[in-house]
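> In this note's numbering, the protein residues as written are 7 to 282.
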């Protein structure tokens, strides 16, 4: 049975405003350690919102390249240990063999953290190519996608302290969204939810409320989308990686304004304007 924990907690604080200072309550999001264990061995631990655990496990396994498809997972068991959540993921034979080989390759001296050339190459792994996608978006779609995502963030509405990742399909709107205290976690949870619902990543655009780092590009490509749309700015490495992958990276979406950093040919503009 899936573990259930509350997503928010009410706390007291001293609120200072222009009109004075007073004690008041506020809802804040919970975060808890979530461990991903494969074949009984912990592979990674994330600080995450305690919700959508199975989506998280499936999405993480897909976007990190541990599995190539959802059917390579035999079972997912969520265990609540009080101090944190342990998600036990059992892989089918071929996927488990690949994972064991990968784990042996990346194993390094105790305490080294990210160590060795293999580990560096793993962090900088090549991104899935999405350049063959014929998906286009009108400028209004980009503006609309961010506005619609803001309407399906109940946890953020309550706390103002979490990220969201959504999937926008032209003509349908934001068909799926997930929230988390971590931007990568929200995107992993979205990836898992899309896979469970059999929604083709090439059919729409990933929309996020955060900045765009290289990992966000890698995970979006793993989903199969040729678009990532973000409220905040990208890093230089994210731009280079999106360019290499054939992905259209749109960022700094504020009201009716946005910037297209890579592959602008997929964006349909009504009127071309030259901005100094």
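Ideal Cβ positions, reconstructed from N, Cα and C, are used throughout, including at glycine.
1) Taking C-beta to C-beta, are residue 255 and residue 234 nearer than 8 Å?
2) Whole angstroms is fine: what's the gap from residue 221's alpha carbon to residue 190's?
3) Select from 47, 42 and 50 the residue whose C-alpha is nearest the C-alpha of residue 60.
4) Straight-line CA distance for residue 203 to residue 170?
5) Helix, strand or coil: how does DSSP classify residue 253 here?
6) From residue 20 to residue 144, what distance separates their C-alpha atoms?
7) Given a threshold of 16 other Cβ atoms within 10 Å of its Cβ, counted over all protein chains shown, does residue 80 qualify as buried or as exposed?
8) Quick one: Cα of residue 51 to Cα of residue 244, how far?
9) Mind reading off the beta-carbon distance from residue 37 to residue 133? Whole number of angstroms is fine, and I expect it under 8 Å.
10) I want to know whether the segment 214 to 230 touches the segment 192 to 202 - three or more CB-CB distances under 8 Å.
11) Return helix, strand or coil for residue 159, following the three-state DSSP convention.
12) Please tell me whether residue 71 and residue 23 are closer than 8 Å, where the distance is taken between their beta carbons.
13) Comparing C-alpha positions only, which one of 108, 46 and 100 sits nearest to residue 82?
14) So residue 39 and residue 90 are in contact, right, with Cβ under 8 Å, and what is the actual spacing, rounded?
15) Pull up the distance between the alpha-carbon of residue 12 and that of residue 164, whole angstroms please.
16) Under 8 Å Cβ to Cβ from residue 182, same chain only, skipping five residues before and after it: list those, please.
17) In chain order, what residues of the same chain have a beta carbon less than 6 Å from the beta carbon of residue 248, not counting five sequence neighbours either side?
18) Less than 7 Å between C-beta atoms, sequence neighbours within five positions excluded: which residues of the same chain meet that for residue 118?
19) My understanding is that residue 180 touches residue 155, with C-beta atoms under 8 Å, so please give their C-beta distance in whole angstroms.
20) For residue 225, does the count of other Cβ atoms within 10 angstroms reach 16, so buried, or fall short, so exposed?
21) Determine the burial state of residue 17: buried for a count of at least 16 other Cβ atoms within 10 Å of its Cβ, exposed for fewer.
Looking at the coordinates:
1) Working through the chain shown from its first residue, we reach residue 255 at position 249. Working through the chain shown from its first residue, we reach residue 234 at position 228. Yes.
2) For this step, residue 221 is matched to residue 215 along the chain shown. For this step, residue 190 is matched to residue 184 along the chain shown. If I take the Cα positions, the gap works out to 8 Å.
3) Within the chain shown, residue 60 is the residue found at index 54, counting from 1. When each option's Cα is compared against that of residue 60, the closest is 42.
4) The sequence position of residue 203 within the chain shown is 197, counting from 1. The sequence position of residue 170 within the chain shown is 164, counting from 1. A direct Cα-Cα distance of roughly 18 Å separates residue 203 from residue 170.
5) Numbered from 1 along the chain shown, position 247 holds the residue referred to as residue 253. Under the three-state reduction of DSSP output, residue 253 falls in the coil class, being neither helix nor strand.
6) Indexing the chain shown from 1 puts residue 20 at position 14. Indexing the chain shown from 1 puts residue 144 at position 138. Answer to the nearest angstrom: the Cα atoms are 46 Å apart.
7) The residue you call residue 80 lines up with position 74 of the chain shown. With fewer than 16 Cβ atoms within 10 Å of its Cβ, residue 80 is classed as exposed.
8) Locating residue 51 in the chain shown gives position 45, where the first residue counts as 1. Locating residue 244 in the chain shown gives position 238, where the first residue counts as 1. C-alpha separation (whole angstroms): 24 Å.
9) Reading the chain shown from its first residue, position 31 is the one you call residue 37. Reading the chain shown from its first residue, position 127 is the one you call residue 133. Actually they do not touch by this definition, with Cβ atoms about 28 Å apart.
10) In this structure the segment 214 to 230 touches the segment 192 to 202; the number of beta carbon pairs closer than 8 Å is three or more.
11) As a first step, residue 159 is located in the chain shown; it is residue number 153 there, counting from the start. In the structure shown, residue 159 sits in coil (DSSP, three-state: anything other than H, G, I, E or B).
12) By 1-based counting over the chain shown, the position of residue 71 is 65. By 1-based counting over the chain shown, the position of residue 23 is 17. It is not a contact, given that the beta carbons lie outside the stated cut-off.
13) In the chain shown, residue 82 corresponds to position 76, counting from 1. Measuring from the Cα of residue 82, the nearest candidate turns out to be 46.
14) Here residue 39 refers to the residue found at position 33 of the chain shown. Here residue 90 refers to the residue found at position 84 of the chain shown. Going by Cβ atoms, the distance from residue 39 to residue 90 rounds to 3 Å, so yes, they are a contact pair.
15) The residue given as residue 12 occupies position 6 in the chain shown. The residue given as residue 164 occupies position 158 in the chain shown. Those two C-alpha atoms are separated by around 13 Å.
16) The residue labelled residue 182 in the question sits at position 176 within the chain shown. These residues qualify, in order along the chain: 172, 173, 196, 199, 200, 203 and 205.
17) In the chain shown, residue 248 corresponds to position 242, counting from 1. Excluding its 5 nearest sequence neighbours in each direction, residue 248 has C-beta neighbours in its own chain below 6 Å: 223, 255 and 268, listed in chain order.
18) Within the chain shown, the letter at position 112 stands for residue 118. For residue 118, the predicted structure reports a pLDDT of 47, less than 50, and the residue's modelled location is therefore unreliable. The matter cannot be settled from this model.
19) Residue numbering aside, residue 180 sits at position 174 when the chain shown is read from its first letter. Residue numbering aside, residue 155 sits at position 149 when the chain shown is read from its first letter. Rounded to whole angstroms, the Cβ separation of residue 180 and residue 155 is 5 Å, and the two are in contact under 8 Å.
20) Within the chain shown, residue 225 is the residue found at index 219, counting from 1. Residue 225 is buried by the Cβ-count criterion.
21) In the chain shown, counting from the first residue as 1, residue 17 sits at position 11. Classification of residue 17: exposed, given that the 10 Å Cβ count is below 16.
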